[in-house]
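Novice: Heads up: take any position in the sequence shown, counting from 1, add 250, and you land on the working numbering. Ideal placement from N, C-alpha and C gives every residue a C-beta, glycine not left out.
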Amino acid sequence: MKRILAILLALAMVFTLAACGEKEEAAPADSNLVGVAMPTKDLQRWNQDGDNMKAQLEAAGYTVDLQYGANDIATQVSQIENMIANGCKALVIAAIDGDSLGTVLAQAKEAGIPVIAYDRLIMNSDAVSYYATFDNWLVGVKQGQFIEEKLDLANAAGPFNIEFITGDPGDNNINFFFDGAMSVLQPYVEAGKLVCPSGQMATLKEDGSYDKAVVATPGWDTATAQTRFENILSSYYADGTVLDAVLASNDSTACGVENALDANYTGTNVPVITGQDCDIAIMKNLIAGKQGMSVFKDTRTLAAKVSEMVDALMKGSEPPINDTETYDNGTGIIPSFLCEPVACTSENYKELLIDSGYYTEADLQ
Numbered sequence: 251m252k253r254i255l256a257i258l259l260a261l262a263m264v265f266t267l268a269a270c271g272e273k274e275e276a277a278p279a280d281s282n283l284v285g286v287a288m289p290t291k292d293l294q295r296w297n298q299d300g301d302n303m304k305a306q307l308e309a310a311g312y313t314v315d316l317q318y319g320a321n322d323i324a325t326q327v328s329q330i331e332n333m334i335a336n337g338c339k340a341l342v343i344a345a346i347d348g349d350s351l352g353t354v355l356a357q358a359k360e361a362g363i364p365v366i367a368y369d370r371l372i373m374n375s376d377a378v379s380y381y382a383t384f385d386n387w388l389v390g391v392k393q394g395q396f397i398e399e400k401l402d403l404a405n406a407a408g409p410f411n412i413e414f415i416t417g418d419p420g421d422n423n424i425n426f427f428f429d430g431a432m433s434v435l436q437p438y439v440e441a442g443k444l445v446c447p448s449g450q451m452a453t454l455k456e457d458g459s460y461d462k463a464v465v466a467t468p469g470w471d472t473a474t475a476q477t478r479f480e481n482i483l484s485s486y487y488a489d490g491t492v493l494d495a496v497l498a499s500n501d502s503t504a505c506g507v508e509n510a511l512d513a514n515y516t517g518t519n520v521p522v523i524t525g526q527d528c529d530i531a532i533m534k535n536l537i538a539g540k541q542g543m544s545v546f547k548d549t550r551t552l553a554a555k556v557s558e559m560v561d562a563l564m565k566g567s568e569p570p571i572n573d574t575e576t577y578d579n580g581t582g583i584i585p586s587f588l589c590e591p592v593a594c595t596s597e598n599y600k601e602l603l604i605d606s607g608y609y610t611e612a613d614l615q
């Protein structure tokens, strides 16, 4: 009996030592973990942004936790909370709503985790360390200039009929897109060369910005944009009034406009329509003559720059920035890096998109 007890005791010690050994050898938290939070998979561009970001960071030696928030704020908050709890050392966030992350980012700040706002500025949070985007004011300027050129507003007598549509009111970027475009178009509105038959125009405020509530599109949603423009067309253009131009801030809203126009506007009757992102579906429309232009923002360039910024932060050095004046998120100016956008038309899309390897010929057929 004593011998059996001794054997059992010895076995118990072996199991205890083995368990201790397993505990000591448990893998430490990944010191190279980077959390990347994207807003949705519903738009092509965010899939490209996420994939490019993950590839760039992994190539630099980092482990990437890439999550998509399904355009649901609570989901994105939960994803970021998990990234923080899992020990990420940096966060890259394209916010669904720029005003809805204050509480969770306070946790990141307390944990000493730097936060890079990606493409959409996160508002009213002092946890935001840096911002990386394209020059969003210039995006709008290029859209306004395209309408100016195509309607020959500097020389033609007019008047020309125009309608307006921008994106989600929770996305701070619409202020730059829309206001940049109107910096070109507003003088023609005031001179009477551009008129808006629906009256659905953003209101110019005393501070020089625009109240965009009437032209905003929640979630940048194509179906919402289409419904609004179907109502505009039936109410203000059914009598034969010609629509000459639509200032659309991006491709998903432009697509809604084009869907609404499809039955009655063809060939030379198609209005000048702007866009942004060069999504595949829209590029097919552009090539077919249904859309005049889209602003190309090469997400490979932005992802590479953000990867460089993350790498610098992880190594304790200063990340590259080229703007310290433009972007105030309500707590102060956020040091930023702005990449340059390019106007894409039927004349230069092959050079911009196909020759650069962004798309293949087959993608756009």
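#1: Just how far apart, CA to CA, sit residue 198 and residue 493?
#2: For a test of the three-state rule: what should DSSP assign to residue 568, helix, strand or coil?
#3: To the nearest angstrom, report how far apart residue 354 and residue 331 are at their CA atoms.
#4: Mapping the DSSP letters down to three states, classify residue 526 as helix, strand or coil.
#5: In terms of residue numbering, what span does the beta strand (DSSP E) encompassing residue 411 cover?
#6: Indicate the three-state DSSP secondary structure (helix, strand or coil) for residue 520 in the structure shown.
#7: Exposed or buried, which one is residue 539 when buried takes at least 16 other CB atoms within 10 Å?
#8: In this structure, how does DSSP classify residue 383 when only helix, strand and coil are distinguished?
#9: So the alpha helix (DSSP H) residue 354 belongs to, where does it begin and stop?
#10: Near residue 253, what residues of its chain come up, given a Cβ to Cβ distance below 8 Å and the 5 sequence neighbours on each side ignored?
#11: By Cβ distance below 7 Å, which residues in the same chain neighbour residue 563 in space, the five residues on each side in sequence not counted?
#12: Output needed for residue 656: all residues of its chain with C-beta closer than 6 Å, excluding positions within five of it in sequence on either side, in chain order.
#13: Quick one: using the 10 Å Cβ neighbour count with 16 as the cut-off for buried, is residue 586 buried or exposed?
#14: On a CA-only basis, which of 544, 361 and 559 is nearest residue 528? Give me that one, please.
#15: Does the separation of the CB atoms of residue 443 and residue 419 fall below 8 Å?
#16: Could you tell me the distance, in whole angstroms, from the CA atom of residue 377 to the CA atom of residue 558?
#17: Would you kindly check if the distance between the Cβ of residue 349 and the Cβ of residue 321 is under 8 Å?
#18: For the alpha helix (DSSP H) that contains residue 438, what are its first and last residues?
#19: Could you compute how far the alpha carbon of residue 428 sits from the alpha carbon of residue 390?
#20: Check the DSSP bridge columns for residue 477 and list the partner residues they point to.
#21: Rounded C-beta distance between residue 537 and residue 435? I'm assuming under 8 Å.
#22: To the nearest angstrom, how far is the alpha carbon of residue 319 from that of residue 465?
#23: Bridge partners for residue 460 per DSSP, in chain order?
#24: Just curious, the beta strand (DSSP E) that residue 371 is in, first and last residue?
#25: Assuming the contact rule is C-beta atoms closer than 8 Å, residue 504 and residue 532 should be a hit. Round their C-beta distance to whole Å, please.
#26: Looking at residue 312: is its Cβ nearer than 8 Å to the Cβ of residue 342?
#27: Among 292, 388 and 411, which residue has its Cα nearest to the Cα of residue 591?
#28: So who's on the other strand from residue 492, going by DSSP bridges?
#29: Residue 544 bridges to which residues according to DSSP?
Specialist: Taking the definition as stated:
#1: Nothing in the structure corresponds to residue 198, since the chain is present only between 251 and 615.
#2: In the sequence shown, the residue the question calls residue 568 occupies position 318. Reduced to three states, the DSSP call for residue 568 is coil.
#3: Taking the first residue of the sequence shown as position 1, residue 354 is located at position 104. Taking the first residue of the sequence shown as position 1, residue 331 is located at position 81. Put simply, the backbone Cα of residue 354 is about 6 Å away from that of residue 331.
#4: The residue given as residue 526 occupies position 276 in the sequence shown. DSSP places residue 526 in strand when its eight states are reduced to three.
#5: Looking up residue 411 in the sequence shown gives position 161. Under the DSSP assignment, residue 411 falls in the beta strand (DSSP E) whose first and last residues are 410 to 415.
#6: As a working mapping, residue 520 is identified with position 270 in the sequence shown. Here residue 520 sits in coil by DSSP.
#7: Here residue 539 corresponds to residue number 289 of the sequence shown, with the count starting at 1. Around the beta carbon of residue 539, fewer than 16 other beta carbons lie within 10 angstroms, which makes this residue exposed.
#8: Locating residue 383 in the sequence shown gives position 133, counting from the first residue. Assignment of residue 383 by DSSP, reduced to helix, strand and coil, places it in the strand class.
#9: Translated into positions along the sequence shown, residue 354 becomes position 104. First-last of the alpha helix (DSSP H) with residue 354: 352 to 360.
#10: Counting from 1 along the sequence shown, the entry for residue 253 is found at position 3. For residue 253, the pLDDT reaches just 48, beneath the cut-off of 50, and the residue's location in the model is therefore unreliable, although a value from the coordinates is still provided. Counting only Cβ-Cβ distances below 8 Å, and skipping sequence neighbours, we find nothing.
#11: Position 313 of the sequence shown, counting from 1, holds the residue named residue 563. A distance below 7 Å between beta-carbons, with the five flanking residues on each side excluded, links residue 563 to the following residues of its chain, in chain order: 340, 364 and 569.
#12: As shown, the chain starts at 251 and ends at 615. That puts residue 656 outside it, with no answer to give.
#13: By 1-based counting over the sequence shown, the position of residue 586 is 336. Buried, because 16 or more other Cβ atoms sit within 10 Å of the Cβ of residue 586.
#14: Start at 1 with the first residue of the sequence shown, and residue 528 comes out as number 278. Comparing alpha carbon positions, the residue from 544, 361 and 559 closest to residue 528 is 544.
#15: As a first step, residue 443 is located in the sequence shown; it is residue number 193 there, counting from the start. As a first step, residue 419 is located in the sequence shown; it is residue number 169 there, counting from the start. Between residue 443 and residue 419, the gap from beta carbon to beta carbon reaches 8 Å or more.
#16: Taking the first residue of the sequence shown as position 1, residue 377 is located at position 127. Taking the first residue of the sequence shown as position 1, residue 558 is located at position 308. Going by C-alpha positions, residue 377 is about 20 Å away from residue 558.
#17: Here the question's residue 321 lines up with position 71 in the sequence shown. Here the question's residue 349 lines up with position 99 in the sequence shown. No, the Cβ-Cβ distance between residue 321 and residue 349 is not below 8 Å.
#18: Here residue 438 refers to the residue found at position 188 of the sequence shown. Counting along the chain, the unbroken alpha helix (DSSP H) around residue 438 starts and ends at 423 to 440.
#19: On the sequence shown, residue 428 is found 178 positions in, with the first residue counted as 1. On the sequence shown, residue 390 is found 140 positions in, with the first residue counted as 1. Rounded to the nearest whole angstrom, the CA to CA distance from residue 428 to residue 390 is 6 Å.
#20: Along the sequence shown, read from residue 1 onward, the residue named residue 477 stands at position 227. Within the DSSP secondary-structure output, residue 477 pairs in no beta bridge.
#21: The residue you call residue 537 lines up with position 287 of the sequence shown. The residue you call residue 435 lines up with position 185 of the sequence shown. The C-beta distance from residue 537 to residue 435 rounds to 26 Å, too long to fall under 8 Å, and the pair is not in contact.
#22: Taking the first residue of the sequence shown as 1, we reach residue 319 at position 69. Taking the first residue of the sequence shown as 1, we reach residue 465 at position 215. Approximately 25 Å between the Cα atoms of the pair.
#23: The count along the sequence shown starts at 1 and reaches residue 460 at position 210. Paired residues: 454.
#24: Position 121 of the sequence shown, counted from the first residue, corresponds to residue 371. That residue, residue 371, is in no beta strand (DSSP E); it is neither H nor E in DSSP.
#25: Along the sequence shown, one-based indexing puts residue 504 at 254. Along the sequence shown, one-based indexing puts residue 532 at 282. The pair is a contact, with the Cβ atoms about 6 Å apart (cut-off 8 Å).
#26: The residue labelled residue 312 in the question sits at position 62 within the sequence shown. The residue labelled residue 342 in the question sits at position 92 within the sequence shown. Contact flag unset, no.
#27: Counting from one through the sequence shown, the residue named residue 591 turns up at place 341. Nearest C-alpha to residue 591: 388.
#28: If you number the sequence shown from 1, residue 492 lands on position 242. DSSP lists no beta-bridge partner residue for residue 492.
#29: As a working note, residue 544 is residue 294 in the sequence shown. Residue pairing of residue 544 in beta bridges, as defined by DSSP: 594.
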